[in-house]
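Residue numbers (mature numbering (1 follows the signal peptide of the UniProt record, and there is no 0)): -23 to -1, 1 to 621.
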C-alpha cells in the first residue's frame, strides 16, 4: 500500500509538471501590439504612398549594383533596472540583440545603431511594467524625439494581467517599443516588434481572437490577413499546432473549405519563437517603404547624414553638381556619387560632373568611433528631355515618380502627389473617376490631405520639355472638391529661374459636387519658345483632411503655324517690366496696319485694337504677366511683358 501511495504521488507530480510545461507552452508570452481603429485608418490612408515605395524597393533589390545600399536608422535604448541599479539587460546582451536584428533588416537596406549611448532608468516602479499609466509617465520623462525609443524591462503585463514579450506602435502611433528582457534576447521577438513599428501585421491578421478572413488560394491576400501576398494565410500558429520540429499540425479550413498551409518560420507569426527565422520579400518591401515614407524622420542629433546639392535636377546633357555636407558630428566622409558602389570622394564637399542619367547618391560619415550611411534614391536627374507636342494621360503610372515626373513632399509631413484610380481613400473629397476614361479604372494624380499639416506644399514636376513651337499651349484637367480644399498653383521652371503662378491660382473648392467632371485649364506657353522648361504643379494643403486635389491629362499642343514662315519679326517692346501706364513698341513696319491683342496667362483677351501709335495703354491692367500678340499680313509676333 505504501509503495502504491508513493507511486501515486510520483505519478501525480509528473502529471502536474507535465501540465505546467504544457501550459507554459500553450500560454507562451505573446505580442501586445494592438491593431486599433486609428492605426487601421492610418494604414488605409497611407497604403498607396507606402506601396509606391515598395516598388522602389523591388527596383533596388533587382539591381545588383545597388544591393549594398544601407540606410542607418538611429534608436535610443532605455534599459530599466531596479532602483539600486541592479538587474536589467546587460550591454553585451543589447549588442547581441542589435547584431541579430541588423542581420535581418539588412535585406530591407536598413541598419540600426545606438544614438548617444544607453539611457539607464533605475526605478522599481518600471522594472516590472504592469499598466498603461506606467508607459505614459515613463515615456514623458525619457523619450527622445526623432529616434526609435526602445525600452527594455524585466517584465511586461497588459491590463488583463497577461504577461507579454513586448509591444510596439504601428505608424501613426508613438515612436516607442517595449521589450521584456528575456524576449529581447530570444532571436526573433525584437525583429518581430520592430516589424510592427514598420507596418507589418501578424500573419494571422489584425485580430488575435478570430480566424483570419484571408483565403488559402490567395485571392484576397492584398486586403485581408496581413495584406502581404507572399505569406500564406495563417489560422493563428501557436505552440499547440507547431511542434518542436517547426511543423504545423493543424486542420483548420478557410471560408472556401480549403485547408490552411501556414508558414511556421515567418517572424511575424505566432509560431514558436525558435522557429521564426525569416521575413518574406514583400515584408522587406513594406518595411523599407514605411521607413522611406511615413517613418522617414529619424535622425541622431550627434551623428547623422545630411547633405544637399546645388542643382539636383537639370535639363542639360552634362552638369557639374556641387554637394554640401551638413552632417552633424562628422569628421570623415565617403561619397558614392553615381550608384556604382565605388567610393568617389573622401572630402566633405565634393563637386562632380554628370552626364545624362538618373543617379543615387550615398554618403557614409564617421565621427571616428561610429559610422552611419544614407542613400538618396534617384537624387540626381540630368538631361531627361521631352519635345512638344506632349500628351500625358498618366494611364501607365503605377506611381507618381515615373517617366521623369517627380513628386516632392516639400515639408516632409506626408503631403504629396500620388498616382491612383477608383477615387481617393478619404470620403467626400477628390474625384471618383479619372478624366481620360471617365471610369474608376482610369489613373489620375492627386494630393492626399490626410495626416498632413495646414499649409504643407506638394510639388509635381514634369521632365524637361523643349518648347519647339512659338505658340505652344499647355492644357490640363483638374478636380478640387472638398470643404477644406487648399490651393493649386502652376509654375514654369526655366534655366534662368522659376516663374511663379503662370495662371491665376485655384483656391478652394472648384467643383460643386464630387461627381462633377474635371475642369479644363489652358495656358499660353509662347513666351517660352525655344527654351527647355519644366512644368510644376504646386498644391497647398487646406485646413483639414477633406481637401484632395487631382490633375489629369496634361498636354502641350503645338498645332499652329510654323515659326519660319509665319513669325512676324522686327518688333521690340519697352520698358519691360512696365512701370507706368504705357507699353512702347518699336518697329520699322506701318503700325496703322498692325492689329494687337493682350492676353493674360490663362489665354483670356483683356485688350485689343489696331496700333495707331507706338504705344499701348495698359493702365487698366492689374500687376502681373501678360502677352502682346501683334498680327500683320497673316503673320504674328508674341511678346511677354510684366506690369509691376
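From the three backbone atoms N, C-alpha and C, an ideal C-beta is built for every residue, glycine too.
Under 7 Å Cβ to Cβ from residue i, same chain only, skipping five residues before and after it: list those, please.
i, result
"residue 144", "8, 9, 10, 155 and 170"
"residue 272", "148 and 175"
"residue 105", "131 and 132"
"residue 322", "312 and 314"
"residue 324", "310"
Are residue i and residue j touching if we call contact CB-CB under 8 Å?
i, j, result
"residue 447", "residue 509", "no"
"residue 201", "residue 235", "no"
"residue 343", "residue 309", "yes"
"residue 528", "residue 435", "no"
"residue 359", "residue 429", "no"
"residue 575", "residue 603", "yes"
"residue 616", "residue 591", "no"
"residue 96", "residue 53", "yes"
"residue 413", "residue 452", "no"
"residue 264", "residue 177", "yes"
"residue 29", "residue 286", "no"
"residue 326", "residue 304", "no"
"residue 620", "residue 595", "yes"
"residue 425", "residue 417", "no"
"residue 330", "residue 311", "no"
"residue 162", "residue 83", "no"
"residue 124", "residue 51", "yes"
"residue 515", "residue 456", "no"
"residue 27", "residue 270", "yes"
"residue 471", "residue 505", "yes"
"residue 116", "residue 102", "no"
"residue 518", "residue 433", "yes"
Taking all protein chains shown into account, do 16 or more other C-beta atoms lie within 10 angstroms of the C-beta of residue i, making it buried, or fewer, making it exposed?
i, result
"residue 58", "buried"
"residue 439", "buried"
"residue 500", "buried"
"residue 599", "exposed"
"residue 241", "buried"
"residue 205", "buried"
"residue 274", "exposed"
"residue 39", "exposed"
"residue 68", "exposed"
"residue 557", "exposed"
"residue 490", "exposed"
"residue 36", "exposed"
Can you tell me where the beta strand (DSSP E) holding residue i begins and where it ends?
i, result
"residue 457", "450 to 457"
"residue 157", "153 to 157"
"residue 58", "48 to 58"
"residue 295", "295 to 302"
"residue 142", "140 to 145"
"residue 532", "526 to 534"
"residue 334", "334 to 343"
"residue 467", "464 to 471"
"residue 518", "That residue, residue 518, is in no beta strand (DSSP E); it is neither H nor E in DSSP."
"residue 352", "348 to 359"
"residue 601", "601 to 609"
"residue 441", "441 to 443"
"residue 573", "572 to 576"
"residue 309", "309 to 313"
"residue 617", "612 to 620"
"residue 377", "First-last for residue 377: undefined, no H or E at that position."
"residue 595", "No beta strand (DSSP E) holds residue 595; DSSP gives it neither H nor E."
"residue 585", "582 to 587"
"residue 435", "434 to 438"
Which same chain residues, not among the five before or five after residue i, have their C-beta less than 8 Å away from its C-beta?
i, result
"residue 16", "146, 147, 148, 149 and 150"
"residue 367", "442, 531, 532 and 533"
"residue 585", "572, 573, 574 and 575"
"residue 48", "86, 87, 88, 268, 350, 351 and 352"
"residue 203", "177, 178, 179, 180, 181, 182, 191, 211 and 245"
Assuming residue i is part of the alpha helix (DSSP H), what are its boundary residues?
i, result
"residue 87", "Here residue 87 belongs to no alpha helix (DSSP H); instead the beta strand (DSSP E) covers 87 to 99."
"residue 30", "14 to 39"
"residue 81", "68 to 82"
"residue 166", "166 to 174"
Give me, in chain order, the residues of the same chain whose beta-carbon lies closer than 6 Å to that of residue i; leave out the 5 immediate sequence neighbours on both sides.
i, result
"residue 316", "336 and 337"
"residue 1", "Note on residue 1: pLDDT 36, under 50, position unreliable in the model; no value is reported."
"residue 549", "563"
"residue 521", "461"
"residue 91", "54"
"residue 93", "279"
"residue 553", "618"
"residue 172", "245"
(request) Just list the beta strand (DSSP E) runs in the region 262 to 290, keeping only unbroken ones of 3 residues or longer that don't cross its boundaries, in chain order. (result) 284 to 286
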